[in-house]
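Novice: Just so we're aligned, residue 31 is where the sequence shown starts under our numbering, counting upward by one.
Cβ coordinates follow ideal geometry from the N, Cα and C atoms, glycine included.
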Amino acid sequence: MEKRTGAAQQRARQAKKPQKSTGGSTASRILIIFASIMVVMIIGVGCGFLTATLNTKADLADVRPPASSQIYDINGNEIANVHADENRVPVKMNQIPENLKNAFVAVEDARFYEHSGVDPRGILRAMWSNITSQGVAEGGSTITQQLAKNAYLTQDRTFKRKIQEMFLAIQLEHQYTKEEILELYLNQIYFGNGAYGVQAASKTYFGKNVEELDLSECAMLAGIPKSPNYYSPTNNLQAAQQRKATVLDQMAKYGYISSSTANKTKNEELHLVKASTKAGEEASYFIDYVTQTMIEKYGADAVYKEGLKIYTTLDIDMQKAAEEAMKNLPDMSESNGIKQPQGALVAIDPHTGYIKAMVGGRGTDQFNRAVLAERQPGSAFKPFVFAAALESDFTPSTIIEDKPLDINGWSPQNYSRNFNGKVSLRYVAEQSLNVPTVRVAQEVGIDKVIYLGKEMGISTFVTEGPQNDGNLSTSLGGLTRGVTPLELTSAYCTFANDGVHVKHTAIIKVLDRNGKVLEEERTESKQVLKKATANDLTSMLMGVVARGTGTAAQIDRPAAGKTGTTSDYHDAWFVGYVPDLVVGVWVGTDDNQRMGTMTGGTTPAVIWKAFMTKAMAGMPVKKFDGAVLTSVEAPVKDDTKAKESKDKDKKGTEKKGTEKPANTESTKPKPSPAPSTSRTPAPSPTAPAGKTAN
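Have a look at this one:
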C-alpha cells in the first residue's frame with residue numbers, strides 16, 4: 031500500500047464511525063445478524079477461492095481484444111454494427127481536476143482511500159440497505175472492484191464473477207497505488223453516447239478538455255456512470271441535473287466542498303455541446319434504444335467490445351414506412367438548433383408485444399422522444415376511463431348527462447362550451463366530450479382508472495405527494511408527469527388483444543461472441559380487461575375513426591383509435607389500431623411552443639394513415655374478432671335547455687375529422703379539481719362499481 035498523501039488522509043478522516051447501539055437486546059440481534067452474514071461471506075469466499083485464484087492475472091495490463099456487436103432485424107438482416115469507434119483518449123492523473131476525482135470518490139466509494147480493494151463495511155451497508163428497501167437500492171462494489179470488472183471480466187451477474195472481481199481488486203491494490211487505480215478507473219468507465227473515459231466524456235458533453243472542467247461539469251460527469259442512458263444530459267437533462275445535485279451533496283457530506291458551494295453549484299447552467307449524429311442512419315432511434323437496453327443489462331463494454339449478436343423485433347419495411355410518414359411533420363421554427371415540431375411513432379404487434387417500428391424525432395438529435403419524452407396525452411387518455419366504466423357494468427349505450435358540473439369550484443367544459451343533454455357512452459367517445467367523461471370517472475372512481483392504466487403498462491402515474499394523479503383532471507389526460515409514446519401505445523395493445531396486455535419488447539435473442547445464448551424473449555402477458563370490455567371499447571373507438579374526431583385516419587380496412595389534444599396545443603396524438611398492429615403517433619414541441627391549432631385529428635391522424643397505408647399494403651383485410659361498428663344514439667337535450675342551446679354561437683363546434691382540445695386537458699386546470707371521491711385501495715379490474723350513470 032502506498033504512503034498516503036495529505037489529500038488522502040484528509041479524505042480518510044471524513045469517513046464516519048458507526049454509532050454503537052445502546053439497547054442490549056437490539057445489540058444482540060445486530061451482532062447475531064452480523065455474525066451470520068460474516069459466516070456466509072467466509073464460506074462463500076472459501077468455496078470460490080480456487081476458482082477465483084485460477085482466474086486472476088499475473089499481468090493486469092492484459093485485456094481481451096474488443097469485438098463489435100451486430101444488431102439484426104426480425105428477418106435476420108444486419109441493421110447495425112456497434113462499437114466504441116476509438117472514442118477513448120487516456121489522460122494522466124495530473125490532467126484530471128481535483129473536483130472530478132473528489133466527485134467520483136464521494137459518490138462511488140467514499141472509503142476508497144481506507145480499504146484494500148474490498149470494503150466489508152460498504153458491502154454490509156449495501157446489504158442492509160437492499161434488505162430494508164426490498165430491492166437493489168445500493169451496490170457494495172468499490173472503485174477498485176468496478177475497475178477489475180470493467181477491464182478484465184465479463185458482465186455476467188454470477189457469484190463466480192463476483193468472487194473473481196474481489197480477488198482481482200485485491201491484486202490491483204497490491205500492484206498499483208491508489209492514485210494509479212483511480213487514474214485507470216477514470217479512463218475506463220463508460221459515460222454514454224460512445225464516450226469511454228473522462229476525456230472523451232468531457233469532449234462529448236462540453237466540447238472541452240478534461241482539465242478545463244469546472245465544479246458543476248465535474249459533478250455532472252461523476253453522476254452519469256450510474257446509468258449512462260438515463261443520466262446522460264443529452265438524453266434526460268432533468269434527471270442529469272438531479273443526479274448532479276446528489277453528487278454535490280455527497281461532496282459536501284465528505285468535506286470536499288462546503289454546503290453553500292454545493293447549493294450554489296446546483297443552480298448553475300450547463301453549456302452542453304450538440305451531439306453529433308450519423309446523418310441518414312436507418313432506424314437510428316430504434317438502434318439506440320436497443321443499444322441502451324443492452325448496456326443497462328450487460329454493461330457498455332459487453333455491447334461495444336464483446337461481440338454480441340442481438341436479434342430484434344424490427345420490421346425494416348415498416349420502419350421505412352414510419353420514417354417516410356414522419357415527413358408529414360410541418361415546419362414551424364427551431365429550438366436550440368433543432369427543427370420544431372418534433373414527433374414520435376411507435377408500432378407494436380399487440381399479440382406478441384414486438385416493437386415493429388420506432389421513430390423518436392426528426393433524426394437531428396439523439397433524444398428518443400418515443401421512449402423518453404413524457405408528454406400530456408389529453409383525450410388520448412379517455413379510453414382508460416371508458417374501460418374502467420365498461421368493467422363496472424356500463425355499456426356503450428349507457429346514458430350520461432352532459433350538463434354543467436361543479437366540483438368544489440372546478441367546472442370542466444366541453445370545447446364548444448355547449449352541453450348536449452343525455453348522451454351515450456359511445457357518443458362521448460366519438461365526439462371526445464369532456465364533461466360526461468369526468469362524470470363517468472367520478473362514478474367509477476379515478477383510482478380504478480389509474481389501476482387499469484398501470485396494469486396496461488403505464489409507469490408514470492404519480493400517486494403520492496401534494497401533486498399527484500388522484501384527481502378527476504386525470505380523466506381528461508391532465509397527468510402530473512405525462513406518458514411516453516411507447517407506453518401509451520403499448521397500453522392500447524390491450525384493447526386490440528382481447529383485454530390481454532403483453533409487455534412490449536425490442537429484443538428476441540442475444541448471443542455472445544462464441545454463440546452462447548445469453549437471453550431469449552419470453553412473452554409476459556396478463557389478462558387485464560374482460561374480453562367483452564375490450565370488444566365494446568374497440569367498437570366505440572371504431573366510431574371515432576368512422577364518424578368522430580378521427581376521420582382523417584380512415585383507411586381501407588376496419589380500424590379503431592382515439593385522438594388527443596392538450597388545451598394549449600402543446601401536444602397532439604393519434605393512437606389507433608387494426609387487429610394485428612397498434613400504432614401511436616405524437617406531435618409536439620420540445621420547448622412547449624403552441625402549435626397553432628393543431629389537433630390529434632389533423633397531423634397525427636394524417637401521419638398514422640400514411641404509415642398504415644404503406645405498412646399494411648398487400649396484407650389481407652382483417653376484421654376485429656368480436657367488435658363491430660354500430661350506430662350511435664343521438665343526444666337527447668332537456669327541453670328547458672333547448673332555447674338556450676339554439677342561441678349558442680356554433681362557430682366553435684367541432685368539425686367532423688378534427689378534434690378540438692378541452693380547456694381542462696392541461697395539467698393545470700383552473701382552479702385545480704377536487705380530489706376523487708374514491709379514496710379506497712384500487713379495486714379489482716373486473717369488480718363492478720355497483721352503480722350506473724345518471
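(1) Quick one: complete alpha helix (DSSP H) runs, 4+ long, within the segment 487 to 551?
(2) Helix, strand or coil for Leu344 per DSSP?
(3) Mind checking who Gln175 pairs with in its DSSP beta bridge?
(4) Mapping the DSSP letters down to three states, classify Thr323 as helix, strand or coil.
(5) Provide the residue span of the alpha helix (DSSP H) that contains Lys484, from first to last.
(6) Find the nearest neighbour of Val617 within the set Thr514, Thr425, Tyr261, Val468, judged by alpha-carbon distance.
(7) Could you tell me if Pro650 is buried or exposed, where buried requires 16 or more neighbouring beta carbons within 10 angstroms of its beta carbon?
(8) Starting from Tyr445, trace the beta strand (DSSP E) both ways and give me its first and last residue.
(9) Could you tell me the boundaries of the alpha helix (DSSP H) in which Ile437 lies?
(10) Do the CB positions of Val468 and Thr524 come within less than 8 Å of each other?
(11) I'd like the span of the beta strand (DSSP E) that includes Phe416, first residue to last.
(12) Tell whether a beta-carbon distance below 8 Å holds between Asn239 and Gly227.
(13) For Gly373, name the three-state secondary structure that DSSP assigns.
(14) Is the separation between the beta-carbon of Leu571 and that of Ala583 shorter than 8 Å?
(15) Below 6 Å CB to CB, which residues in the same chain sit around Ile637 once its five sequence neighbours on both sides are set aside?
(16) Within its chain, find whatever has a CB closer than 7 Å to the CB of Thr553; leave out the 5 residues flanking it on each side and keep chain order.
(17) Have a look at Arg392 and Asp610 and give me their C-alpha separation to the nearest angstrom.
(18) Could you pull out every residue in the same chain whose Cβ sits closer than 6 Å to the Cβ of Glu517, ignoring the five residues on either side in sequence?
(19) Measure the Cβ-Cβ separation of Lys274 and Gly253 and say whether it is below 8 Å.
(20) What separation, rounded to the nearest whole angstrom, lies between the Cα atoms of Gln370 and Met628?
(21) Thr563: buried (16+ other C-beta within 10 angstroms of its C-beta) or exposed?
(22) Distance, Cα to Cα, Gly329 vs Pro665?
(23) Under a three-way DSSP split, which group does Asn111 fall into?
(24) Can you say whether Thr660 is buried or exposed, counting buried as having 16 or more other CB atoms within 10 angstroms of its CB?
(25) As a quick exercise: from Val465, Asp621, Tyr607, pick the residue whose alpha carbon is nearest that of Ala635.
(26) In chain order, what residues of the same chain have a beta carbon less than 6 Å from the beta carbon of Thr425, not counting five sequence neighbours either side?
(27) Does DSSP classify Met625 as helix, strand or coil?
(28) At the level of alpha carbons, what is the spacing between Leu14 and Ala249?
(29) Could you check what DSSP says for Thr670 in three-state terms: helix, strand or coil?
(30) If I'm right that Ile385 touches Ile109 with Cβ under 8 Å, what's the distance once you round it to whole angstroms?
(31) Measure from the alpha carbon of Asp620 to the alpha carbon of each residue in Tyr220, Glu404, Lys560, then state which is nearest.
(32) Given this structure, state the Cα-to-Cα distance separating Lys639 from Ile585, to the nearest angstrom.
(33) Identify whether Ile317 lies in helix, strand or coil by the three-state DSSP scheme.
(34) Suppose contacts are defined by Cβ-Cβ distances below 8 Å. Is Asn259 in contact with Gly285 by that definition?
(35) Could you give the DSSP three-state label for Ser365: helix, strand or coil?
(36) Return the residue from the list Glu138, Asp423, Glu431, Ala410 that minimises the CA-CA distance to Asp601.
Specialist: Reading off the structure:
(1) 515 to 526
(2) coil
(3) Gln175 pairs with nothing; no bridge assigned.
(4) helix
(5) 476 to 485
(6) Thr514
(7) exposed
(8) Segment: none, Tyr445 is in no beta strand (DSSP E) and carries neither H nor E.
(9) That residue, Ile437, is in no alpha helix (DSSP H); it is neither H nor E in DSSP.
(10) no
(11) Careful: Phe416 lies outside any beta strand (DSSP E), inside the alpha helix (DSSP H) at 412 to 421.
(12) no
(13) strand
(14) no
(15) Ala355, Asn358, Val615
(16) Thr382, Gly383, Val532
(17) 27 Å
(18) Gly487, Ile488
(19) yes
(20) 13 Å
(21) buried
(22) 58 Å
(23) strand
(24) exposed
(25) Tyr607
(26) none
(27) coil
(28) A question about residue 14 goes unanswered here, because the residues of the chain that appear run from 31 up to 724.
(29) Below a pLDDT of 50, predicted positions are generally treated as unreliable, and Thr670, at 43, falls in that range; the measurement from the model is reported next regardless. Helix at Thr670.
(30) That belief does not hold up - the Cβ atoms of Ile385 and Ile109 are roughly 13 Å apart, past 8 Å.
(31) Glu404
(32) 7 Å
(33) helix
(34) no
(35) strand
(36) Ala410
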